[in-house]
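I have placed the structure first, in the form of structure tokens, so that the comments after it can refer back to it.
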Amino acid sequence: GKRINSAVNSALSNSQDDYVTTVDVMLKTIVTALLESDVNIKLVFSLRNNIRTKLLDVKSRSTNNAQTKKLIQKTVFDELCNLVDGETEPFQPKKRKQNVIMFVGLQGSGKTTSCTKLAVYYSKRGFKVGLVCADTFRAGAFDQLKQNAIKARIPFYGSYTETNPVKVAAEGVAKFKKEKFEVIIVDTSGRHRQEEELFQEMVEISQVVKPNQTIMVLDASIGQAAEQQSKAFKDSSDFGAIILTKMDGHAKGGGAISAVAATKTPIIFIGTGEHVHDFEKFSPKSFVSKLLGIGDIESLLEHFQTVSNKEDTKATMENIQQGKFTLLDFQKQMQTIMKMGPLSNIASMIPGMGNMLNQVSEEETTKRMKKMVFVMDSMTKQELESDGRLFIDQPSRIIRVARGSGTSAFDVEMILMQQQMMARMAQSTKAAQHGNGMPNMPG
Ligand code: GDP
Ligand code: MG
Numbered sequence: 007g008k009r010i011n012s013a014v015n016s017a018l019s020n021s022q023d024d025y026v027t028t029v030d031v032m033l034k035t036i037v038t039a040l041l042e043s044d045v046n047i048k049l050v051f052s053l054r055n056n057i058r059t060k061l062l063d064v065k066s067r068s069t070n071n072a073q074t075k076k077l078i079q080k081t082v083f084d085e086l087c088n089l090v091d092g093e094t095e096p097f098q099p100k101k102r103k104q105n106v107i108m109f110v111g112l113q114g115s116g117k118t119t120s121c122t123k124l125a126v127y128y129s130k131r132g133f134k135v136g137l138v139c140a141d142t143f144r145a146g147a148f149d150q151l152k153q154n155a156i157k158a159r160i161p162f163y164g165s166y167t168e169t170n171p172v173k174v175a176a177e178g179v180a181k182f183k184k185e186k187f188e189v190i191i192v193d194t195s196g197r198h199r200q201e202e203e204l205f206q207e208m209v210e211i212s213q214v215v216k217p218n219q220t221i222m223v224l225d226a227s228i229g230q231a232a233e234q235q236s237k238a239f240k241d242s243s244d245f246g247a248i249i250l251t252k253m254d255g256h257a258k259g260g261g262a263i264s265a266v267a268a269t270k271t272p273i274i275f276i277g278t279g280e281h282v283h284d285f286e287k288f289s290p291k292s293f294v295s296k297l298l299g300i301g302d303i304e305s306l307l308e309h310f311q312t313v314s315n316k317e318d319t320k321a322t323m324e325n326i327q328q329g330k331f332t333l334l335d336f337q338k339q340m341q342t343i344m345k346m347g348p349l350s351n352i353a354s355m356i357p358g359m360g361n362m363l364n365q366v367s368e369e370e371t372t373k374r375m376k377k378m379v380f381v382m383d384s385m386t387k388q389e390l391e392s393d394g395r396l397f398i399d400q401p402s403r404i405i406r407v408a409r410g411s412g413t414s415a416f417d418v419e420m421i422l423m424q425q426q427m428m429a430r431m432a433q434s435t436k437a438a439q440h441g442n443g444m445p446n447m448p449g
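Read in order, the letters of the sequence shown are residues 7 to 449 in full-length UniProt numbering.
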């Protein structure tokens with residue numbers, strides 16, 4: 007009894023100022039988390055403003071803090087997913103055509119490793135794949151690619167003597183094209199210093215190999231440098247996709263969001279280790295979950311379903327305030343509880359339900375609640391919208407509902423009793439609003 011009193015009280019006392027404060031406190035927590043994950047500061051603040059506007063919009067206001075929190079999480083989640091969810095269709099190589107894919111990225115970002123991973127990925131899908139090493143800058147670059155390729159049984163091309171990367175790239179691609187390779191992957195160098203030179207090199211290689219797809223490789227720990235770096239690569243080699251590596255490490259890849267936002271280019275794969283099979287298709291949902299530290303996103307989304315029914319809850323609250331509690335209100339409450347699981351707080355707010363939870367197993371509770379739902383599903387609209395008293399006048403209705411729901415007349419009567427209890431409580435709530443405080447509930 008006390009619980010529903012306090013629920014109603016908090017719904018009534020939730021003034022505008024309280025709500026705004028709650029939203030701001032919760033947003034602050036999320037903003038901090040995002041900044042700590044290296045999401046670009048401008049993005050974070052525009053995100054915060056969007057979300058704040060949304061939440062302060064009258065239509066989306068919820069009645070309690072838990073719901074507000076879930077709503078914020080869900081909104082942040084959706085906004086971030088939208089940010090990293092590339093709208094463009096990812097590149098699909100065509101069978102029996104010569105598809106050239108060029109890799110760009112800084113040294114150590116994971117280009118050579120990811121080249122092999124992608125080669126294996128396409129090879130497994132029935133493409134004839136070849137690897138070209140156009141990194142003539144770093145000593146041992148060709149050997150590294152060669153070893154990877156041999157291990158993965160992928161044909162490769164490179165040179166120990168030629169120092170012009172543009173020339174090696176052109177020769178390698180020409181050779182594989184002649185041999186009717188379907189996917190030709192070109193690995194490039196990525197030295198840190200002399201960046202001007204590097205970008206010029208990318209432009210030149212790109213001009214001779216004419217890639218169908220250029221992929222930028224980005225280390226997940228890149229942080230705030232992501233925006234500037236990805237823009238520079240975009241200008242020189244207009245890449246159409248991003249591979250995010252080292253997602254197995256501590257970095258949550260927040261910087262990558264800035265890269266995506268700054269270049270409007272989707273992430274297509276993530277690297278999750280050094281092994282050739284540590285390679286996954288990029289999923290915005292799992293990426294954002296990891297970023298926000300949400301372990302079980304499914305359960306978050308499930309809980310959100312309840313939040314999205316807040317219109318129903320609001321209508322019920324209004325009814326209660328007017329001293330009414332119809333069978334329809336009861337049905338809506340039941341449905342909400344079914345969604346949240348029988349042990350939720352709301353379950354214990356319903357008279358008789360709290361006792362039920364204490365005394366019987368969860369299985370039995372679920373069974374009883376399902377029975378209630380069946381019973382109410384068998385009622386007519388008129389019956390549902392009533393205060394339930396028309397059943398007392400016409401017992402034949404009870405029998406009809408029992409038959410229709412596959413339950414007994416006793417089951418139906420029990421439910422009506424509970425609803426009557428709620429209706430009486432609603433009336434005393436209304437009375438209390440005009441008197442001194444709220445009386446405790448019977449039962
Ligand atoms: P490149 O200089 O861009 O060609 O980078 P490399 O492919 O040589 O990779 C640099 C280092 O990062 C190597 O030691 C790789 O084994 C390692 N590496 C690449 N991708 C991943 C990844 O997804 N996870 C982890 N843990 N290590 C990676
Ligand atoms: Mg390399």
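For each residue, glycine too, the CB sits at the ideal point set by N, CA and C.
Because the structure is a prediction, the values reported are computed rather than measured.
Rounded straight-line distance, which links the Cα of residue j to that of residue i
{"i": "VAL170", "j": "ALA176", "result": "Rather than Val, the amino acid found at residue 170 in this sequence is Asn. Rounded to whole angstroms, ASN170 to ALA176 spans 10 Å at the Cα level."}
{"i": "ILE398", "j": "ALA72", "result": "39 Å"}
{"i": "HIS256", "j": "HIS283", "result": "20 Å"}
{"i": "MET427", "j": "ILE326", "result": "12 Å"}
{"i": "MET423", "j": "GLU324", "result": "22 Å"}
{"i": "ASP91", "j": "MET108", "result": "22 Å"}
{"i": "TYR163", "j": "ASN88", "result": "39 Å"}
{"i": "ARG58", "j": "VAL26", "result": "9 Å"}
{"i": "PHE51", "j": "VAL209", "result": "35 Å"}
{"i": "residue 452", "j": "ALA232", "result": "Examination of residue 452 is not possible in this model, given that the chain is present from 7 through 449 alone."}
{"i": "GLN311", "j": "LYS80", "result": "The pLDDT assigned to GLN311 is 45, lower than 50, so where the model puts this residue is not dependable; a value taken from the coordinates is nonetheless given after this. Cα to Cα, the separation comes out at about 11 Å."}
{"i": "GLN230", "j": "THR35", "result": "20 Å"}
{"i": "PHE288", "j": "LEU53", "result": "22 Å"}
{"i": "VAL179", "j": "LYS103", "result": "13 Å"}
{"i": "LYS186", "j": "ASP241", "result": "31 Å"}
{"i": "LYS75", "j": "MET375", "result": "27 Å"}
{"i": "ASP393", "j": "LEU61", "result": "35 Å"}
{"i": "ASP84", "j": "GLY116", "result": "29 Å"}
{"i": "VAL126", "j": "VAL31", "result": "48 Å"}
{"i": "PRO99", "j": "ARG131", "result": "11 Å"}
{"i": "GLN425", "j": "ARG395", "result": "10 Å"}
{"i": "LEU41", "j": "PHE275", "result": "24 Å"}
{"i": "PHE133", "j": "LYS377", "result": "56 Å"}
According to DSSP, residues forming a beta bridge with residue i
{"i": "ASP193", "result": "CYS139"}
{"i": "TYR163", "result": "VAL138"}
{"i": "LEU251", "result": "According to the sequence provided, residue 251 is Thr. The question's Leu does not apply to it. THR251 is bridged to ASP225."}
{"i": "VAL106", "result": "ILE190"}
{"i": "ILE398", "result": "ILE398 pairs with nothing; no bridge assigned."}
{"i": "SER287", "result": "Residue 287 is actually Lys in this sequence, not Ser. Answer by DSSP bridge pairing, in chain order: PHE275."}
{"i": "THR220", "result": "MET108"}
Any non-hydrogen atom of the ligand MG closer than 6 Å to residue i Cβ
{"i": "LYS376", "result": "no"}
{"i": "LYS152", "result": "no"}
{"i": "LYS117", "result": "yes"}
Distance cut-off 6 Å: residue i Cβ against heavy atoms of the ligand GDP
{"i": "GLU280", "result": "yes"}
{"i": "GLY146", "result": "no"}
{"i": "LYS252", "result": "yes"}
{"i": "GLN113", "result": "yes"}
{"i": "GLY196", "result": "yes"}
{"i": "GLY277", "result": "yes"}
heavy atom of the ligand NAD below 6 Å from residue i C-beta
{"i": "LYS60", "result": "What this structure holds is the ligand GDP and the ligand MG, not the ligand NAD."}
Cβ contact (3+ pairs, closer than 8 Å) linking the stretch 238 to 257 and the stretch 216 to 228: yes
Inter-stretch contact (C-beta, 8 Å, three-pair minimum) for the stretch 405 to 414 and the stretch 373 to 389: The answer is yes - the stretch 373 to 389 touches the stretch 405 to 414, with three or more Cβ pairs under 8 Å.
Do the stretch 186 to 201 and the stretch 127 to 140 meet, that is, are 3 or more Cβ pairs less than 8 Å apart? Because the criterion of three Cβ pairs below 8 Å is met, the stretch 186 to 201 and the stretch 127 to 140 touch.
Does the stretch 109 to 122 come within contact of the stretch 220 to 233, defined as at least 3 CB pairs closer than 8 Å? yes
Which ranges does the beta strand (DSSP E) cover as unbroken runs of at least 3 residues, wholly within the stretch 20 to 44, from first to last along the chain? none
On the three-pair Cβ rule with 8 Å, is the stretch 117 to 124 touching the stretch 254 to 273? no
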